[in-house]
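Per the numbering used here, the very first residue in the sequence shown carries number 25; after that it's consecutive.
To start, the structure itself, in C-alpha cells.
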Amino acid sequence: MIFSIDPEACVACLACVRVCPTEAVSVDGAVVQIVDEACIACGLCLPACPHQAIHASGEIGRALTVAARGDGILILSPESAAHFYPATPEQVVNACYAAGFRTVHRGVIGDELVAAEYLSLWRDEGWGTLIRSTDPVVVETVRTEYPELVPYLAPVTIPAVAEARYLRAQHADELRIVYAGVAAPRNTPELDAAVTFEDLERIFQLRGVSVLAQSDYFARIPEERRRHMSAAGGLPLAMLEEARYASRRFRTMRGLRHLPALAHAVAVDRLDLGFVDLLSYEGTLDHPLLGPRDQLYWRRALLASAEPPRSRQPVVDGTLVASVGATFDIRPRRLASDPAAVAAVLDAIGPGPNGRPWDCGACGFTTCARFASAAVLGRATLRQCPPYQERRAEEASREAAVDLLTGLATFRVLRDRLEHEVERSKRSEEGFAVMFIDLDRFKLLNDRFGHEAGNEVLRAVAAEIRSAVRASDLAARYGGDEFVVILTRTDLHGAHRVAEALRAGIEGVGRRLGYDVGVVTVSIGVAEFDPASPGEGDLLVTADRALYQAKAAGRNAVANEGAA
Numbered sequence: 025m026i027f028s029i030d031p032e033a034c035v036a037c038l039a040c041v042r043v044c045p046t047e048a049v050s051v052d053g054a055v056v057q058i059v060d061e062a063c064i065a066c067g068l069c070l071p072a073c074p075h076q077a078i079h080a081s082g083e084i085g086r087a088l089t090v091a092a093r094g095d096g097i098l099i100l101s102p103e104s105a106a107h108f109y110p111a112t113p114e115q116v117v118n119a120c121y122a123a124g125f126r127t128v129h130r131g132v133i134g135d136e137l138v139a140a141e142y143l144s145l146w147r148d149e150g151w152g153t154l155i156r157s158t159d160p161v162v163v164e165t166v167r168t169e170y171p172e173l174v175p176y177l178a179p180v181t182i183p184a185v186a187e188a189r190y191l192r193a194q195h196a197d198e199l200r201i202v203y204a205g206v207a208a209p210r211n212t213p214e215l216d217a218a219v220t221f222e223d224l225e226r227i228f229q230l231r232g233v234s235v236l237a238q239s240d241y242f243a244r245i246p247e248e249r250r251r252h253m254s255a256a257g258g259l260p261l262a263m264l265e266e267a268r269y270a271s272r273r274f275r276t277m278r279g280l281r282h283l284p285a286l287a288h289a290v291a292v293d294r295l296d297l298g299f300v301d302l303l304s305y306e307g308t309l310d311h312p313l314l315g316p317r318d319q320l321y322w323r324r325a326l327l328a329s330a331e332p333p334r335s336r337q338p339v340v341d342g343t344l345v346a347s348v349g350a351t352f353d354i355r356p357r358r359l360a361s362d363p364a365a366v367a368a369v370l371d372a373i374g375p376g377p378n379g380r381p382w383d384c385g386a387c388g389f390t391t392c393a394r395f396a397s398a399a400v401l402g403r404a405t406l407r408q409c410p411p412y413q414e415r416r417a418e419e420a421s422r423e424a425a426v427d428l429l430t431g432l433a434t435f436r437v438l439r440d441r442l443e444h445e446v447e448r449s450k451r452s453e454e455g456f457a458v459m460f461i462d463l464d465r466f467k468l469l470n471d472r473f474g475h476e477a478g479n480e481v482l483r484a485v486a487a488e489i490r491s492a493v494r495a496s497d498l499a500a501r502y503g504g505d506e507f508v509v510i511l512t513r514t515d516l517h518g519a520h521r522v523a524e525a526l527r528a529g530i531e532g533v534g535r536r537l538g539y540d541v542g543v544v545t546v547s548i549g550v551a552e553f554d555p556a557s558p559g560e561g562d563l564l565v566t567a568d569r570a571l572y573q574a575k576a577a578g579r580n581a582v583a584n585e586g587a588a
C-alpha cells in the first residue's frame, strides 16, 4: 500500500507532518512528499489532512492483470461489507466473480490458522512477554523505531499471509492471489498483489462491473465464511475468554503511543508483561481507510449483522501443511542528523521562559531535540513550531515598530499613537503637542562627509531626542532626516521650551562629533492639539507648516504655528 500526496490539492499546512509517527513526510519549502522507505502505512495522515490531498493505493495494475487472466484468487477482507454498503456482502462477492476472480475467500481461514497458533503459544507458559504481531503497522513500527522489541514479537504471520500460504498448499504454488483490505502487508512474496477497497472499486469500473446490479444471493457456492475458534483479527476465542480471568498474563493496548512505555518496561526494566494485545487502532474497522472514526460503532454493528453463525467443526483442513510462522528483521534506523545543524535549529527555536527546551509537543514531536533532528533531515520545518513562529512574529512586530537605524518608533507607530492621543485628549480634555524636527542642510553633510557620517549624525540626533523627552512621550523617525515627537499633556508654551532645549542639545551633538559650529543644527515646528477647540486640519501638517516658518527664519530655530 502506497500513500501519496497530490501536489495540486496540498497547501503545505503540515498537518500530516504533525501526526506521522515515523517522520515519513519530507518538507522542502511548499513541496510536501511521503517517503516510502519510512512510511508504515498507518493511515494517520489521511484524516489529519483537511484538504483531502493524501491518497492510498495498492498494486492495482497487478491485481487487474490477475483479474483479467480469470484464474486468480481474491482474499476479500470482511470489512468490505462496511466499505461497499449499501451493497450486500453477496453482491460484493458476485461482483468479484464478474470482474474475473475465480474464487473469493473472506479471510476467515487466515484468522483460524493464526488463532490456532496463538492458542498454542498461550498455553505454553514458557515466555515472559509476547507482543501480538497480526497488525502490519505495529510490526513495521517495531522494526523501524523500537528494534529492542523485535525479539518479543510473536513468531506468527498476519492472517492474510497465513491464508495465502494455505491456499497455495491446497492448490498450487503458481496460484495467483490478490488481497483486498485496509491492513495489507507490504512486500510479501505470498501475495501477488494487495489493493485497497477503493482500488477494488476501480477494478470493477475498469472491468465494467456494477456491484449494486449483482444478485443478492451467491452466484456460486461460496468459500468458507464461518468461524470456528477465531475472533476477527486472528485471536482465539478461548484465549480471550481465559484472559478475562488472567489479566496479568494479558494486556490490551490500542495505539502506537504505548510503544515507548512498552519498550522501556521490557528492554530497560526487564518486566514480564505477558501477552500484549497491541493494535494500532481499535481493530481493523477503526482504520482511517474505512471512514470517519465516529462511524466505528455503525461499522461494527453492520459487520456483526453480516457475520454468519459459527461452525461447530473446524473449518481448516488439518491434512494440509501450511506454515503460519514469521521472523522479523530489524530495519535500519533513520539517518543520523548533523549535531551542529541540530544545535542551530534548537538555537533558532530558543529556550522556554524557564531556560529549558519548550518540549510542548505542538509540532507533533515529543521533544524539541527530536523535532530539530527531523528538521535537519527535511522531515519537519520550523513553520510547524509555535514557539519559533511566535518569536518571529514578535521580532517582526518590533522591526515594524522600531526604526533600525535610529532606534526610534516608525511612521506607522507614529500614526497609530497620534490617533490614540487625539481620542484620549478628547475624553480627558487634556491637550498635547507635536514637534516636527528637520536637520538643516543634511544633504550637504552627506555629500561632503559621506553617508556613513550622515548615519552617525542621525543616530546621535535620535539619542539626543530620546534623552530630551519623557517615557510617556513618543519619538519617531518620520523619514529621511525628519523626526516627530508627541508630547503628552503638554501645552504649546511647554512644548516650545522643550523644543528650544532640544535644538540647543542637537547643536552640541555636532560639536561633540567634531563638526564645525553650525554644521549640525535642526529646525523645529511646534503645534498643539487643544480638545476645547480642535482644528479641522491634520496636526502633523500644522507642525510641518511651523517647521517651514523656522526654516524661513534662518534655520536652527523653533517656530509655533498656534493651536491646531
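Glycine included, every Cβ here is placed at the ideal spot set by N, Cα and C.
Could you check whether residue j and residue i sit closer than 8 Å to each other, using their CB atoms as the reference points?
{"i": "V116", "j": "S101", "result": "no"}
{"i": "E445", "j": "F456", "result": "yes"}
{"i": "L261", "j": "P45", "result": "no"}
{"i": "L429", "j": "R483", "result": "yes"}
{"i": "G385", "j": "R415", "result": "no"}
{"i": "Y170", "j": "L283", "result": "yes"}
{"i": "L366", "j": "A193", "result": "Looking at the sequence shown, residue 366 is not Leu but Val. Their beta carbons are not under 8 Å apart, which means V366 does not touch A193 by this criterion."}
{"i": "R200", "j": "D95", "result": "yes"}
{"i": "R513", "j": "E585", "result": "no"}
{"i": "V219", "j": "G402", "result": "no"}
{"i": "V533", "j": "V485", "result": "yes"}
{"i": "A583", "j": "G549", "result": "yes"}
{"i": "V128", "j": "L173", "result": "no"}
{"i": "T158", "j": "P183", "result": "yes"}
{"i": "D497", "j": "L516", "result": "no"}
With a threshold of 7 Å on Cβ separation, who are the neighbours of residue i within its own chain once the five nearest residues in sequence on each side are excluded?
{"i": "V340", "result": "I133, E136 and L137"}
{"i": "L264", "result": "A255"}
{"i": "A424", "result": "T434 and R436"}
{"i": "Y176", "result": "T153, L154, I155 and V290"}
{"i": "A492", "result": "V522, A525, L526 and G529"}
{"i": "R334", "result": "R250, R251 and H252"}
{"i": "A499", "result": "L432, A433, I489, R490, V493, F507 and V509"}
{"i": "P246", "result": "V117"}
Taking 8 Å as the limit between beta carbons, can you name the residues of its chain near residue i, skipping five residues before and five after?
{"i": "R275", "result": "L297, G298, F299, V300 and D301"}
Would you mind working out which of the options sits nearest residue i, comparing C-alpha positions?
{"i": "E222", "options": "M25, A519 and G529", "result": "M25"}
{"i": "V554", "options": "D505, L145, R501 and V458", "result": "Correcting the residue type first, residue 554 is Asp in the shown sequence and not Val. Among D505, L145, R501 and V458, the Cα nearest to that of D554 is on V458."}
{"i": "P558", "options": "L463, R451, R569 and D464", "result": "R451"}
{"i": "V543", "options": "L463, A48 and D562", "result": "L463"}
{"i": "E524", "options": "R535, E506 and I489", "result": "I489"}
{"i": "G392", "options": "V369, V202 and A188", "result": "A small correction: the amino acid at residue 392 is Cys; Gly does not occupy that position in the sequence shown. Looking at the Cα atoms, V369 is the closest of the given residues."}
{"i": "P363", "options": "R278, T165 and A399", "result": "A399"}
{"i": "R272", "options": "W146, L563 and E187", "result": "W146"}
{"i": "S234", "options": "A111, D318 and A576", "result": "A111"}
{"i": "S361", "options": "A325, N211 and A404", "result": "A404"}
Please state the DSSP three-state secondary structure of residue i.
{"i": "H79", "result": "strand"}
{"i": "F125", "result": "coil"}
{"i": "L263", "result": "In the sequence on display, residue 263 carries Met and not Leu. Helix at M263."}
{"i": "F108", "result": "coil"}
{"i": "I530", "result": "helix"}
{"i": "I489", "result": "helix"}
{"i": "S557", "result": "coil"}
{"i": "S304", "result": "coil"}
{"i": "D440", "result": "helix"}
{"i": "I99", "result": "strand"}
{"i": "G606", "result": "Coverage of the chain is limited to positions 25 through 588, which leaves residue 606 absent and any answer about it impossible."}
{"i": "R535", "result": "helix"}
{"i": "Q194", "result": "helix"}
{"i": "G298", "result": "strand"}
{"i": "V41", "result": "helix"}
{"i": "G578", "result": "coil"}
{"i": "S254", "result": "strand"}
{"i": "S50", "result": "strand"}
{"i": "Q408", "result": "helix"}
{"i": "Y203", "result": "strand"}
{"i": "S335", "result": "coil"}
{"i": "F460", "result": "strand"}
For residue i, count neighbouring Cβ atoms within 10 angstroms of its own Cβ and tell me buried if that reaches 16, exposed if not.
{"i": "R251", "result": "buried"}
{"i": "P377", "result": "exposed"}
{"i": "V55", "result": "exposed"}
{"i": "N118", "result": "buried"}
{"i": "A588", "result": "In this prediction, A588 scores a pLDDT of 39, lower than 50, which makes its location untrustworthy; no coordinate-derived value is stated."}
{"i": "R501", "result": "buried"}
Excluding the five sequence neighbours on either side, which residues of its own chain have a C-beta within less than 6 Å of the C-beta of residue i, listed in chain order?
{"i": "Q238", "result": "Q115, N118 and A119"}
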